[in-house]
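Colleague: Note that the protein sequences, when read in sequence, are chains E and A.
Numbering of the first sequence is given in this note's numbering, commencing with residue 1 and proceeding in unit increments.
Numbering of the second sequence is given in this note's numbering, commencing with residue 696 and proceeding in unit increments.
Would you mind keeping the following structure in view while I ask a few things?
There are 2 protein chains.
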Amino acid sequence: MSVIDRLLAPRSVAIVGASADTAKLTGRPLVYLAKYGFTGTIYPVNPRVAEIGGHRCYADIAALPEPPDVGVVLLGADRAIEAVRGLAARGTAAAIVVASGFGESGAEGRARQEELRCAAGAMRLLGPNTIGLVNVSDRIVLSASNALVTDDIVVGNVALVSQSGGILGSILSRAQGVGLGFSKLIATGNESDLEVADFIDHLAGDDATKVIALYLEGLRKPEAFKAAVTRARTAGKFIVAFKVGRSEVGVRSAASHTGALAGSDAAYEALFRQFGVIRAERYSDLLDIPLALSAGRSLKGKRLAIITSTGGSAAVLADTAGIAGFDAPPPDEATAAKLKALAIDGATLDSNPIDVTLAGVKTETFRVILDAVTASQIYDAVAVVLGSSALREPETVGAPLRECAARSGKPVIAFVSPDAPSLVRTLNLAGVPTFAAPESCAVALAAMHGAGEAKSIEVPPVPPAASGDDVRVLPKPGPLNEAESKRLFARFGIPATREAVSAIPAEAAEAAKTFGGNVVVKILSREVLHKSEIGGVAVNVAPADVARTCEAMAARFTAATGRRPEGFLVQELVIAGVELILGLHHDAQLGATILLGMGGVTAELYRDTALRLAPLTRHDAEEMIDDLKSAPLLHGFRGRPLADVAALADAIVAFSDMVVAIGDRLAEAEINPLFVLPQGRGVVAGDGVVVVRSA
Amino acid sequence: MSVIDRLLAPRSVAIVGASADTAKLTGRPLVYLAKYGFTGTIYPVNPRVAEIGGHRCYADIAALPEPPDVGVVLLGADRAIEAVRGLAARGTAAAIVVASGFGESGAEGRARQEELRCAAGAMRLLGPNTIGLVNVSDRIVLSASNALVTDDIVVGNVALVSQSGGILGSILSRAQGVGLGFSKLIATGNESDLEVADFIDHLAGDDATKVIALYLEGLRKPEAFKAAVTRARTAGKFIVAFKVGRSEVGVRSAASHTGALAGSDAAYEALFRQFGVIRAERYSDLLDIPLALSAGRSLKGKRLAIITSTGGSAAVLADTAGIAGFDAPPPDEATAAKLKALAIDGATLDSNPIDVTLAGVKTETFRVILDAVTASQIYDAVAVVLGSSALREPETVGAPLRECAARSGKPVIAFVSPDAPSLVRTLNLAGVPTFAAPESCAVALAAMHGAGEAKSIEVPPVPPAASGDDVRVLPKPGPLNEAESKRLFARFGIPATREAVSAIPAEAAEAAKTFGGNVVVKILSREVLHKSEIGGVAVNVAPADVARTCEAMAARFTAATGRRPEGFLVQELVIAGVELILGLHHDAQLGATILLGMGGVTAELYRDTALRLAPLTRHDAEEMIDDLKSAPLLHGFRGRPLADVAALADAIVAFSDMVVAIGDRLAEAEINPLFVLPQGRGVVAGDGVVVVRSA
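Shown next, in the form of structure tokens:
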């Protein structure tokens, strides 16, 4: 039995700082344990009272008759540390620390949190600054959340792991409203020890959980997150994450909240994409997507049937679905014939939305319509629009909707157009994903479609071990010059332009003659990373002009830097090909990322780039290429030659391999431009920058 | 008294086809009139009963004792036509026709609608296919909508005009839920006569209305819409529109719903922008934006204070507001000092979000905090986050929130984090715009900020009258050649490249010598609009090579077309400058639009264009330029020279003037490329296409 098993389903719980006043936060955990029928032993710890809610009170932790599985610590920050030390000394498996005033509140708080961690020793900690957890499947509540002052929690197959207790309460409350059921609810707070990844890893093996919903402010251990998510996805779970920090304001705000470090949002986007985490873009998506996925059905394609009795709302839904890439083809002939046989006066049954009008809002009629449409092979999903008539007689349509959805294996969702929260709730509780916003329907359908794509979980490649050779080849710390940078890229399989390094102009001129045409001439220098800014690059130079060009360049270089150049680089002039940029970016939180961008000033303006975390699979590399808005330039746009996209994908993977193999010593690396030549001719690095850090 | 005045507030109403069965749709209008206390005369028309709800029934329209102001026709499509004829014959001011089966249902329906229109003669019609209207301000209901089977409608200053009756019901129901009040609710249905623009025009003069919310599927009379919207905005009303047809699926769906024609969404976007209509992007925005604007406050800047007792929800709100361009600076020293004087344990009062924690959730404390923060000059608006504690004691924070918001002139909004619809409703009814979604808060703040921008309503320019001269200059119908096209552009003030038209190669060669450098040579032809595709363009030709180039070009032209070219065009080689495209696009519904795009293949991939309806103001032209993602290329990006943006704006307006002056005869017009030269040097048309239609 793991510690997290014991934390989620303890046989005994000590409530340290329990109050007999049930109106107080410190009075709640005992109330909740009783309310949900906890069958284990409860040890309230409070020196001032003898008994709370029928449970004998203990004066201190030392007085407990046995080490509890879990200690819930309700004391303020300073006293909490002592309590944690006491629980650890008794051999408690895990403690939940509710108090705030730790890592989220400045340097003093951070020191206090470190003290707390030390006090825990081998005992595991949830929190501090957490509202606790609820094991809904097993009816065990170890929480002080206000949000639990509610009717019974709906049981379902969605686990929520939240870095904020308030958000846990908010989502729980909203879920109760729409009828979404949970298996587990866990607030991780400041994550001084146990953190999101630990719970994802645990939930991967939890049969009661099908969907893992995450509220994230920042990941403290990205590698553990990747491993846990991979395990959960391999076990068939869906993972949905809402992450704050998409704006600068949000980043600052989250940092002051739980002290989480923020990486760039683009890096998180890459993480989610590479590891199959579905991103909740809007706050409501964190309910809507789990609602859609918890039903366990998926869309094989994007053809949607919309059945309605109210034209306008169906038009809104169709429009929204259309924006999300869904099609709404008219019914096939056989289906249309079945519908027309119902002879509904004024109905429009041969187009889509299928408008049955008010005349069609009869239980038997609706049943026939739903069965016919769900049975049609041309639809991947069916959306039913419920109008104001559904308010007055919810069962007229509700009953056939539930029955037909249960009978059919096809995804059936509902959109409730008027304000009718109880109807939404009833249908969701009956297993028909039902939404009050047309945009939520589109989000839900898209998530169910993504879930249906038979995308095998690609295990990220084992990074090639850094061979002694690879590391040895790195010169002493500092920048490499262009020729050295390119030699490094070439060692990992990315070829460079044909070129010659010359110490003096005359040698460069001699070398230029061997290229069979005009050449590019560059200054060679470790000091100047942007050569063109000081006139250190000349393109399309005739071999006869090379010596003169070198001399002029050297003079400009010396004028600008006060130094003599290391030499000159003569290279072939690449005329064909599309210019890209391939580079390494270090994310403050998520580590090494690879950036692919279209080259040139216009693409820069359009921010046409794709980012992924290293290491990359070849599939990732291919996706990055497709991500570029200007990808058609590689695929023969407007009569251009097809570019060697396969070689480009190879080069991206090679670059990633280099980044992983060299590791932290690689401070900077960029190929700009990377020429992608016409098909079959590969890619060549036109220029490159590498900066090496001290070992 | 206008017809619409009488329609909205009739002294007498005939209900044609009224039923004594109140459960039936045809029974409802009488019930509603009674329920809302209609004080005028009611004439039920039904030959089968003597009396309904205490009102004497008439056997037919002819039997009515007087012509009613309004006739509500509840009969089916065919009988409705007869009823309309009867009402018109009696001199009724306006009829409301509820039946469907008209313009929305195929050719037969369209013929029936035309018949209906003829039957109405001088009488005005609302519908057919409408659920009617509700004059909420005066408590007059002329509708059969299901959605009115509700408690009393909240009275407010928002008028809703909807092309769908179902959407009217849906929005009304949702508005009741959140506490948004209405002045008027009007469903225009198929708009065989009265349409959206008529009601906007009327509401421009309605003192009870501050915000006009529109649900649109398509505009039948764009010019009337523009005029009405301009009138309403001049009268200080805000106009908010949700429009379906953003996707192909939505366009088809709307067309089958009310038979509305769809223009391109980009053209609608231009219309809304040019005429100051705030666009509701999501369905919920159609409630949220009116809710925000109905409070009558506006933001002068984008600095937001967030006050919270729950960190996570505040982080979500801050993040969302940040994405929408808002900043959340920490409190100024004086404000922070006031807050710290409260000595709230554990609170974070010197950063933003201002987290008062649960300890700060006390009525008096909250009042002091709110007053201090709203008084701070560094904030343009205040958002208060209500957490789960608000569920248990809504008044603890609710009361100070309402009072302080009322006292302060500053925009104060609230975000309710748990599921608490009644709290949302209560606060909205008290005049504090309150939302359940963080994204709604951002949308509301953005709308209130837009409302605060002192953007004067620019009356679109009176199109320059088409002088006889302008029209006469147009050659016979068909395409113009490049030189003729450019001469036309020049007449309207857009200069072209210096050029010479030559009939034969030798003449072209002679002309080329006068340009003082290399030139561009082109074939001249009315038949071939895309000259470069048949090798009809040569760039950077030395004068000595011009004759030879012309001959080769002529040979290629003849090979491709079987014709001889009309001649040759020799032009200056433009080297400096940014290349744009300026063209005319006809929108199927909204008429002539002007498209500005960045030139070149990359910009084409990024769809970097801006579209506006003709005629354009200079302000529109400047906005179009700024709309281009690549606009920095004109503004000195990466060391480029500043381009002559003023001349570009002039050229865009000139092009628009040309489009308006020539009118429908201008089938096609495009300048591609339009070179924008460095500052002070203007623009020149590098090539152009014009096609003239028969008069």
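Note that CB positions come from ideal geometry on N, CA and C, so glycine has one too.
Here the structure is a predicted model, which means the values were calculated and not measured.
Reducing DSSP to helix, strand and coil, say where E/Y283 ends up.
Modeller: The answer is coil: DSSP assigns E/Y283 none of H, G, I, E or B.
Colleague: Is the beta carbon of E/R425 sitting closer than 8 Å to the one on E/G179?
Modeller: Contact: yes.
Colleague: So who's on the other strand from A/R926, going by DSSP bridges?
Modeller: Partner(s): none; A/R926 has no beta bridge.
Colleague: Provide the residue span of the beta strand (DSSP E) that contains A/D1282, from first to last.
Modeller: Its beta strand (DSSP E) spans residues V1273 to D1282.
Colleague: With respect to the beta strand (DSSP E) encompassing E/Y215, which residues constitute its N-terminal and C-terminal limits?
Modeller: Here the beta strand (DSSP E) through E/Y215 covers V211 to L216.
Colleague: Mind pulling the chain A residues with CB within less than 7 Å of E/K629?
Modeller: Within 7 Å Cβ-Cβ: L1300 and Y1301.
Colleague: Nearest-angstrom Cα distance between E/A59 and A/R1062?
Modeller: The straight-line gap from Cα to Cα measures roughly 40 Å.
Colleague: Helix or strand or just coil, what does DSSP make of E/A23?
Modeller: Looking at E/A23 - three-state DSSP - the assignment turns out to be coil, as it is neither helix nor strand.
Colleague: Mind listing which residues of the stretch 300 to 316 of chain E have their C-beta closer than 7 Å to chain A's C-betas, in chain order?
Modeller: Cβ contacts with chain A come from T310, G311, G312, S313, A314, A315 and V316.
Colleague: Would a check of beta-carbon distances place A/V939 closer than 8 Å to chain E?
Modeller: Chain E contact via Cβ: present.
Colleague: Below 8 Å between beta carbons: does that hold for E/L427 and E/A414?
Modeller: For E/L427 and E/A414, yes; Cβs fall inside 8 Å.
Colleague: Exposed or buried, E/K513, counting other C-beta atoms within 10 Å across all chains shown (16 or more means buried)?
Modeller: The residue is exposed, with fewer than 16 neighbouring Cβ atoms inside 10 Å.
Colleague: Would you say A/F1021 lies against chain E (beta-carbon separation less than 8 Å)?
Modeller: Closer than 8 Å to some Cβ of chain E, the Cβ of A/F1021 qualifies, so yes.
Colleague: Looking only at C-alpha atoms, which of E/R124, E/E281 and E/E191 sits nearest to A/E1134?
Modeller: Per the Cα distances, E/E281.
Colleague: Roughly how many angstroms lie between the CA atoms of A/A1149 and E/I171, to the nearest whole one?
Modeller: Residue placement at A/A1149 cannot be trusted, given a pLDDT of 42 that sits under 50; what the coordinates show is reported in the next sentence. Approximately 40 Å between the Cα atoms of the pair.
Colleague: Using 8 Å as the limit for Cβ to Cβ distance, is A/A1074 near chain E?
Modeller: At residue 1074 of chain A the sequence reads Tyr, which differs from the Ala that was named. Not an interface residue.
Colleague: What do you get for A/P1136, buried or exposed, if any count of 16 or more other CB atoms within 10 angstroms of its CB means buried?
Modeller: The sequence as given places Cys at residue 1136 of chain A; Pro does not occur at that position. Buried: at least 16 other Cβ atoms inside 10 Å.
Colleague: What residues in the stretch 379 to 406 of chain E have a beta carbon less than 8 Å from any beta carbon of chain A?
Modeller: Listed by position along the chain: G387, S388, S389, L391 and R392.
Colleague: State the beta-bridge partners of E/H635 as determined by DSSP.
Modeller: According to DSSP, E/H635 bridges with E/L642.
Colleague: Give a yes or no on whether the minimum CB-CB distance between A/Y978 and chain E is below 8 Å.
Modeller: So, interface residue.
Colleague: Kindly say whether A/I862, judged by its beta-carbon, lies nearer than 8 Å to any beta-carbon of chain E.
Modeller: Closer than 8 Å: yes.
Colleague: Put A/I1270 into one of helix, strand or coil per three-state DSSP.
Modeller: Looking at A/I1270 - three-state DSSP - the assignment turns out to be coil, as it is neither helix nor strand.
Colleague: Any contact between the stretch 1073 to 1080 of chain A and the stretch 991 to 1001 of chain A? By contact I mean 3 or more CB pairs, one from each, below 8 Å.
Modeller: They touch, by the three-pair rule.
Colleague: If you draw a straight line from the C-alpha of A/G1331 to the C-alpha of E/K531, how long is it?
Modeller: The alpha-carbon atoms of A/G1331 and E/K531 are separated by roughly 21 Å.
Colleague: Rounded to whole angstroms, what is the Cα-Cα separation between A/R1307 and E/T335?
Modeller: Roughly 44 Å between the two C-alpha positions.
Colleague: By the criterion of Cβ-Cβ separation under 9 Å, what are the contact partners of A/L1328 in chain E?
Modeller: Under the 9 Å cutoff, chain E gives V601, T602 and L605.
Colleague: Kindly list, in the order they appear in chain E, the residues whose Cβ is closer than 7 Å to that of A/P1048.
Modeller: Per Cβ cutoff of 7 Å: S253.
Colleague: Tell me, to the nearest whole angstrom, how far the beta carbon of A/E890 is from that of A/A949; I am working on the premise that it is less than 8 Å.
Modeller: The pair is not a contact, with the Cβ atoms about 15 Å apart (cut-off 8 Å).
Colleague: Considering only residues of the stretch 93 to 143 of chain E, which uninterrupted beta strand (DSSP E) runs meet the minimum length of 3 residues and lie entirely inside it, listed in chain order?
Modeller: With a minimum length of 3 residues, the continuous beta strand (DSSP E) runs that stay inside the stretch 93 to 143 of chain E are 94 to 97, 124 to 126, 132 to 135 and 140 to 143.
Colleague: Taking the alpha carbon of E/A204 as the reference point, which residue from E/E191, E/S145, E/A9 and E/V229 has its own alpha carbon closest?
Modeller: Ranking the options by Cα distance to E/A204, first place goes to E/V229.
Colleague: In or out: A/C1245 buried (at least 16 other Cβ within 10 Å) or exposed?
Modeller: Buried: at least 16 other Cβ atoms inside 10 Å.
Colleague: Just to confirm my understanding: we take A/A1344, look at its own chain, exclude 5 residues before and 5 after, and list those with CB closer than 8 Å. What are they?
Modeller: Answer for A/A1344: R1313, A1316, E1317 and I1320, listed in chain order.
Colleague: Let me see if you follow: with CB-CB separation under 8 Å, is E/S247 close to chain A or not?
Modeller: Answer yes: the Cβ-Cβ gap between E/S247 and chain A drops below 8 Å somewhere.
Colleague: At the 8 Å Cβ level, is E/Q176 part of the contact set with chain A, yes or no?
Modeller: For E/Q176, the answer is yes, since a Cβ of chain A falls inside 8 Å of its Cβ.
Colleague: Distance, Cα to Cα, E/D657 vs A/V1236?
Modeller: Approximately 49 Å between the Cα atoms of the pair.
Colleague: From the DSSP output, in three-state form, read off E/H202 for me.
Modeller: Note: E/H202 maps to helix in three-state DSSP.
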